[in-house]
């Protein structure tokens with residue numbers, strides 16, 4: 003499994019990424035083919051790039067322009083319980099508990115558990131959605147109770 007990770011971009015990289023993102027979006031919106039031929043100005047080399055890859059590049063540039071570090075991981079990648087814990091921001095024993103409760107599917111390789119990266123991300127999205135809902139409910143209860151009326 004190969005991770006591609008980009009550290010926090012510099013201000014100069016952010017500025018360049020923003021300009022490139024805007025230009026790439028304009029280019030994508032005007033394309034008439036699914037696999038456009040792109041010419042590299044410096045070398046005059048021409049390559050075909052699927053539009054899906056160009057859209058991914060646009061998303062990468064957008065995140066870099068915002069100053070966000072990024073990483074790219076193939077969705078079919080299997081990760082360890084330690085890597086799962088790092089992605090979810092919790093302890094490895096907590097991840098094991100989540101797996102044993104059936105909240106995230108996993109497989110065993112010998113004694114070791116392996117989790118599909120996509121399943122970890124889906125679980126994380128579910129948890130974020132639940133957290134938002136719980137916060138909304140708490141805010142509504144606060145309003146109903148009149149605790150903060152002055």
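Residue numbers (our numbering): 3 to 152. Glycine is no exception: its CB is placed at the ideal position from the N, C-alpha and C atoms. Model, not experiment: these values are computed from the prediction.
In terms of Cβ geometry, residue 49 and residue 42 form a close pair [threshold 9 Å].
Between residue 30 and residue 66 a beta carbon distance of about 17 Å is seen, past the 8 Å cut, so the two are scored as non-contacting.
One thing to note: residue 68 has its Cβ within 9 Å of the Cβ of residue 16. Straight across, the Cα-Cα distance linking residue 135 with residue 95 is about 26 Å. Residue environment for residue 36: exposed (fewer than 16 other C-beta atoms within 10 angstroms of its C-beta). Burial is judged here by how many other beta carbons sit within 10 angstroms of a residue's own beta carbon; residue 11 has at least 16 and is buried. Rounded to whole angstroms, residue 84 and residue 93 show a C-alpha spacing of 8 Å. For residue 78 and residue 129, the gap between their C-alpha atoms comes out near 21 Å. In the three-state reduction of the DSSP assignment, residue 48 falls in the strand class.
Within the same chain, and ignoring the five residues on either side of residue 33 in sequence, the residues whose Cβ sits closer than 7 Å to its Cβ are 53. Distance from the CA of residue 59 to the CA of residue 127, rounded to the nearest whole angstrom, comes to 23 Å.
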